[in-house]
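*Asks:* Chains as they are written, first to last, in the working numbering: chain H, 1 to 257; chain R, 1001 to 1237.
The structure that follows is given in the form of structure tokens.
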Ligand SMILES: Nc1ncnc2c1ncn2[C@@H]1O[C@H](COP(=O)(O)OP(=O)(O)OP(=O)(O)O)[C@@H](O)[C@H]1O
Ligand SMILES: [Mg+2]
């Protein structure tokens, strides 16, 4: 199996994982979207030196991952290319902000270091919660949820098609690399001279297929509203959990013990 | 039911693929379109759905093919694509079947029931919960046909419905098609399928209508078929 084939299967697996049957999977997607947005909003609202306050927020991903039965190590693995970017975002801080704000034993810690840690932690927390949302709801459900809160159909269609397009692109890529390798035994990867035509072909093929798929959707009455029977309507307890979560978030954020 | 009036089509900057194509298809007729690879069969089917920018006119069920009628036309015309990979876009087979039904106003429960019935009828109920990307080519084809059948179209356009199917599934499709009392247009190289399902056949060569007549006349005309890069069907040899 080549790399692209693997990537394709990962996307397939991600959408299969979204069909799990944990408590979290069964919460209505709109509620989950709301919970995630609130979490991100509150997490980013912490002050830039408020490391101890922010620490408590770790509680939420920990609990949610438990209930969702989503493997945290798999999450780390999948996000291994994105996480460094979050870390890099914070790295400049220690250079700008050198004033010592805290002593640990004899070692002075500058405000820059603290704010770097805060920024990194915020980034990671938001990333983990967003991953959880994706891992427990399918892309169709997410788009429907977004339509419910009146995000224009244009955007949700765009998101849906982008997601499908990436899948198609990877599919075409894996078919083409396979075809190439069958006729170029012993070669590792694709010869430099063939890159241009290979890439051109790849893009044309993916665009053609995306076009054809979109046409099939339109032919079956697609007009921007996604109909998906797997969509879970609000249930009383979805709302209950959402409200509970909201209270807990507010408690943790604004009430100091 | 479907009427082509002097239809021509070319992809931008290229030669004509259809040229002065005229044809009348009557209600309830079973028409086969045959012709060599690249003759323009798929292009003819696509043009009916308003997917191509054609010159000339097409009327479907009395409605002129134009933007304001598209929705209504597409509702009554079911189209099975030549490449099933391009037909299925939802996560699971059952989702795909229900997609169109819900879009046209069916409730979820009704749509689910209807979809299950169709899968049952085609003998592929076991595929309902399968993921599209994991289906074999033939399974995908059966599922794609099911998505269209579920919509209960008044006109069905099928592009190579029997390609990639094993004999038993091919037979199932033939029987299903024969049991449906609607207008059908089938583009295919499977001339034996034509013998089993159609009464009338048209022969296309390079976008032009070469012959139009009863199946028993055209499919027995060795000279005509060979001149157009085709062969007599097996059962006629
Ligand atoms: N996207 C495209 N751009 C340019 N030319 C195209 C495109 N699609 C098809 N053609 C050309 O149009 C002609 C007719 O194609 P069409 O798909 O209708 O043939 P067909 O009779 O269905 O063939 P087959 O039996 O192989 O399915 C072919 O010569 C083909 O090269
Ligand atoms: Mg074709």
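Ideal placement from N, C-alpha and C gives every residue a C-beta, glycine not left out.
Does residue 1087 of chain R have its Cβ less than 8 Å from a Cβ in chain H?
*Replies:* The residue given as residue 1087 of chain R occupies position 87 in the second chain. So yes, residue 1087 of chain R belongs to the interface.
*Asks:* Between the alpha carbons of residue 1072 of chain R and residue 74 of chain H, how many angstroms are there, rounded?
*Replies:* Here residue 1072 of chain R corresponds to residue number 72 of the second chain, with the count starting at 1. Here residue 74 of chain H corresponds to residue number 74 of the first chain, with the count starting at 1. Taking the straight line joining both Cα atoms gives about 47 Å.
*Asks:* Would you mind stating whether residue 1002 of chain R and residue 1194 of chain R have Cβ atoms separated by less than 8 Å?
*Replies:* As a first step, residue 1002 of chain R is located in the second chain; it is residue number 2 there, counting from the start. As a first step, residue 1194 of chain R is located in the second chain; it is residue number 194 there, counting from the start. No.
*Asks:* Report yes or no: do three or more beta-carbon pairs, one from the stretch 134 to 146 of chain H and one from the stretch 42 to 53 of chain H, lie closer than 8 Å?
*Replies:* No, the stretch 134 to 146 of chain H is not in contact with the stretch 42 to 53 of chain H.
*Asks:* Is residue 207 of chain H helix, strand or coil by DSSP?
*Replies:* In the first chain, residue 207 of chain H corresponds to position 207, counting from 1. Helix, per DSSP.
*Asks:* Within the chosen definition, does the stretch 1083 to 1098 of chain R reach the stretch 1131 to 1139 of chain R through at least 3 CB pairs nearer than 8 Å?
*Replies:* As far as the Cβ criterion goes, the stretch 1083 to 1098 of chain R touches the stretch 1131 to 1139 of chain R, which means the pair count is three or higher.
*Asks:* Is it true that the stretch 1117 to 1125 of chain R meets the stretch 1135 to 1144 of chain R, where meeting means three or more beta-carbon pairs spaced less than 8 Å apart?
*Replies:* Yes, the stretch 1117 to 1125 of chain R is in contact with the stretch 1135 to 1144 of chain R.
*Asks:* What residues from the stretch 156 to 173 of chain H come within 7 Å of chain R, judged by C-beta to C-beta, listed N to C?
*Replies:* Listed by position along the chain: 164.
*Asks:* Just grab the DSSP bridge partners of residue 1055 of chain R for me.
*Replies:* Taking the first residue of the second chain as position 1, residue 1055 of chain R is located at position 55. R/1008, per the DSSP bridge assignment.
*Asks:* Using the Cβ count rule (16 or more neighbours within 10 Å means buried), how would you classify residue 151 of chain H?
*Replies:* Here residue 151 of chain H refers to the residue found at position 151 of the first chain. The residue is exposed, with fewer than 16 neighbouring Cβ atoms inside 10 Å.
*Asks:* As a quick exercise: from H/128, H/222 and H/242, pick the residue whose alpha carbon is nearest that of residue 1102 of chain R.
*Replies:* One-based indexing of the second chain puts residue 1102 of chain R at position 102. Nearest option by C-alpha distance: H/222.
*Asks:* Could you please give the first and the last residue of the uninterrupted alpha helix (DSSP H) stretch that includes residue 1223 of chain R?
*Replies:* Locating residue 1223 of chain R in the second chain gives position 223, where the first residue counts as 1. First-last of the alpha helix (DSSP H) with residue 1223 of chain R: 1222 to 1227.
*Asks:* Listing by chain order, which chain R residues have their CB less than 7 Å from the CB of residue 222 of chain H?
*Replies:* As a working mapping, residue 222 of chain H is identified with position 222 in the first chain. Those are 1103, listed as they occur along chain R.
*Asks:* Which stretch, first to last residue, makes up the alpha helix (DSSP H) that contains residue 177 of chain H?
*Replies:* One-based indexing of the first chain puts residue 177 of chain H at position 177. Counting along the chain, the alpha helix (DSSP H) containing residue 177 of chain H begins and ends at 153 to 183.
*Asks:* Assess, as a yes-or-no matter, whether the stretch 172 to 187 of chain H is touched by the stretch 1061 to 1081 of chain R under the definition of 3 or more beta carbon pairs within less than 8 Å.
*Replies:* Short answer: they don't touch.
*Asks:* Name the two residues that bound the continuous beta strand (DSSP E) containing residue 1209 of chain R.
*Replies:* By one-based count along the second chain, residue 1209 of chain R stands at place 209. Run containing residue 1209 of chain R: 1208 to 1214, per the beta strand (DSSP E) assignment.
*Asks:* Cβ of residue 1206 of chain R within 7 Å of any heavy atom in ligand 2?
*Replies:* Along the second chain, one-based indexing puts residue 1206 of chain R at 206. Flag unset: Cβ of residue 1206 of chain R not near ligand 2.
*Asks:* Is residue 178 of chain H close to chain R, meaning its C-beta is less than 8 Å from at least one C-beta of that chain?
*Replies:* Residue 178 of chain H sits at position 178 when you count from the first residue of the first chain. Not an interface residue.
*Asks:* Would residue 137 of chain H and residue 29 of chain H be called neighbours here (beta carbons separated by less than 8 Å)?
*Replies:* Here residue 137 of chain H refers to the residue found at position 137 of the first chain. Here residue 29 of chain H refers to the residue found at position 29 of the first chain. Cβ distance < 8 Å, so residue 137 of chain H and residue 29 of chain H count as in contact.
*Asks:* Is it the case that the Cβ atoms of residue 206 of chain H and residue 168 of chain H are separated by a distance below 8 Å?
*Replies:* For the purposes of this step, residue 206 of chain H is taken as residue 206 along the first chain, with counting starting at 1. For the purposes of this step, residue 168 of chain H is taken as residue 168 along the first chain, with counting starting at 1. Against a cut-off of 8 Å, the Cβ pair of residue 168 of chain H and residue 206 of chain H comes out as a contact.
*Asks:* What distance in whole Å lies between the Cβ atoms of residue 1020 of chain R and residue 1183 of chain R, which are believed to be in contact at a cut-off of 8 Å?
*Replies:* Along the second chain, read from residue 1 onward, the residue named residue 1183 of chain R stands at position 183. Along the second chain, read from residue 1 onward, the residue named residue 1020 of chain R stands at position 20. Not quite, the Cβ-Cβ distance comes to about 23 Å (not below 8 Å), so this is no contact.
*Asks:* Can you give me the C-alpha to C-alpha distance between residue 1150 of chain R and residue 1012 of chain R, rounded to a whole angstrom?
*Replies:* On the second chain, position 150 is the one that residue 1150 of chain R refers to. On the second chain, position 12 is the one that residue 1012 of chain R refers to. If you take the alpha carbons of residue 1150 of chain R and residue 1012 of chain R, they lie about 35 Å apart.
*Asks:* Closest to residue 78 of chain H by CA distance: which of H/134, H/37 and H/92 is it?
*Replies:* Locating residue 78 of chain H in the first chain gives position 78, counting from the first residue. When each option's Cα is compared against that of residue 78 of chain H, the closest is H/134.
*Asks:* Beta-carbon within less than 8 Å of residue 45 of chain H's beta-carbon, same chain only, minus the 5 sequence neighbours each way: which residues are those?
*Replies:* Indexing the first chain from 1 puts residue 45 of chain H at position 45. Closer than 8 Å at Cβ, skipping near neighbours: 253.
*Asks:* With respect to the alpha helix (DSSP H) encompassing residue 1118 of chain R, which residues constitute its N-terminal and C-terminal limits?
*Replies:* Locating residue 1118 of chain R in the second chain gives position 118, counting from the first residue. 1108 to 1121 is the extent of the alpha helix (DSSP H) around residue 1118 of chain R.
*Asks:* Quick check: is any heavy atom of ligand 1 less than 7 Å from the C-beta of residue 1014 of chain R?
*Replies:* One-based indexing of the second chain puts residue 1014 of chain R at position 14. Yes; taking the cut-off as 7 Å, the Cβ of residue 1014 of chain R has a heavy atom of ligand 1 nearer than that.
*Asks:* From the DSSP secondary-structure annotation, give me the bridge partner or partners of residue 108 of chain H.
*Replies:* Sequence index remark: in the first chain, residue 108 of chain H carries index 108 (1-based). For residue 108 of chain H, which the question treats as bridged, DSSP gives the partners H/103.
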